[in-house]
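Encoded as structure tokens, the structure appears first; notes follow it.
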Amino acid sequence: MKRFYPQWLAACVLFFAVLPAQAELTSADKQSITQLVDVWNSHLNGNARATGSDLYAAQVEWFGQHLERDEVLRRQQAFTSHSPHYAQRIITTLDIAEDEAGQVQVEFVKQAGLDEKQVKNYPAQLTFSKQSAGWRISGETDLLTRLNQKEASVQGLLTKGKFDGNSKDVVWVNARDPKTGGSCDEEGDCECKLWSSNPAVQPAVVPQCIGGGVETLSQLDDSGRDRVVVFPQWWTSAWRVVYVFDIQQGQWTKALPSFPININVQEDDDAATLVKRDTQHNGNVLVKKALWDEKQEDIVTPQESEPLLVVK
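Quick note, the sequence shown lines up with residues 427 to 738 if you use my numbering.
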């Protein structure tokens, strides 16, 4: 059986390690970093070319490779020459958070493509380090690259599937404070958005979520559509609400009503354990949810048959 939670809990350790130091960043730091992200974006679009020392640190972790700044710029120039119609744009707010090493991790979603017909959404990541001359980029990558490089810490944070039954896309969630658009903290609200690499699919909102894991389930029915199971994370409580989505009529659709689980008693339950095809009832699935039983005064995990939603 695939163990989902150990992978996601490992990712959560990294997530929570980033949060405490976040308050040490000043407004001026965040403004400088935001401006530098804008310069970086213009730089990769062939506009407002910055010098290497204005943009990058001397050493850069660039898509999994440790390179000198000049080599990064050389590769970028070679890519631009080979792909003159490449363009990208940032389509979300920035999640800016300082880690324990004093570096700043910046996450956002960008749309990028070699031309207008090949545009995709990507979960982009930049790392910034404080230099004598100011903040500089010391790392550049995205979650999809890290997944393809088999990096253990991102396993379970992205998944692939034919969620509309036709095209294979990558999906993930990211978290923001819905009021500020910035990073989440325990004093405010937080929600996630479920993203697809397909830019035509608008993200779906997952409430009360500070991040989460995703898994793909296939062949729950004969529609040809895969389903993505979303496991939202929250600050406290062993109780969680699980969501199941697919894409119908070009948009994310809840394939099932959300249902509760309890990670104290279902720690080893992955998506395939929680949602199974009901072979006795066509179009239905067996859902394993956690409920409080008043008579037993304990948590029970019954399996109930429920129909998959079909939009007509």
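Glycine residues also receive a C-beta, built at the ideal position from the N, C-alpha and C atoms.
Annotation: asparagine 574 to asparagine 688 spans about 31 Å, alpha carbon to alpha carbon. Closest in C-alpha terms to tryptophan 621, from the list Trp660, Val655, Lys721 and Pro686, comes Val655. Non-local beta-carbon contacts of aspartate 704 in its own chain, meaning distances under 7 Å to residues more than five positions away in sequence, involve Asn710, Val711, Leu712 and Ser731 in chain order. In this structure glutamine 581 does not touch glutamine 551 by the C-beta definition: roughly 16 Å separates them, more than the 8 Å allowed.
Within the region 483-550, the runs of alpha helix (DSSP H) that reach at least 4 residues and sit entirely inside it are, in chain order, 495-508. With fewer than 16 other CB atoms across the displayed protein chains lying within 10 angstroms of its CB, threonine 606 is exposed. The C-alpha of glutamate 723 lies about 40 Å from the C-alpha of glycine 587. Using a 10 angstroms sphere on the CB of isoleucine 673, the tally of other CB atoms reaches 16 or more, which defines it as buried. Here aspartate 719 is exposed, its C-beta having fewer than 16 other C-beta atoms within 10 Å.
The beta carbons of serine 609 and alanine 523 sit closer together than 8 Å. Rounded to the nearest whole angstrom, the C-alpha separation of glutamine 514 and leucine 734 is 37 Å. Where valine 463 is concerned, the enclosing alpha helix (DSSP H) starts and stops at 453-470.
Remark: three or more beta-carbon pairs, one from each stretch, lie closer than 8 Å, so the region 624-643 and the region 690-701 are flagged as touching. In this model, glutamine 503 and phenylalanine 589 are separated by some 36 Å (Cα to Cα). Cα atoms of valine 726 and phenylalanine 505: separation of roughly 56 Å, rounded to the nearest angstrom. Setting aside the 5 residues that flank it on each side, valine 535 is surrounded in the same chain by Ile516, Ile517, Thr518, Asn547, Tyr548, Pro549, Ala550, Asn600 and Trp621, each with a C-beta closer than 8 Å to its C-beta; the list follows chain order. At a Cβ-Cβ threshold of 8 Å, phenylalanine 671 and tryptophan 678 count as neighbours. For aspartate 719, the enclosing beta strand (DSSP E) covers residues 717-719.
A distance below 8 Å between beta-carbons, with the five flanking residues on each side excluded, links proline 686 to the following residues of its chain, in chain order: Trp665, Arg666, Val667, Val668, Lys715, Ala716 and Leu717. Burial check for serine 623: the Cβ neighbour count within 10 Å reaches 16 or more, so the residue is buried. Residue state for valine 736 is assigned as coil, using DSSP reduced to three classes.
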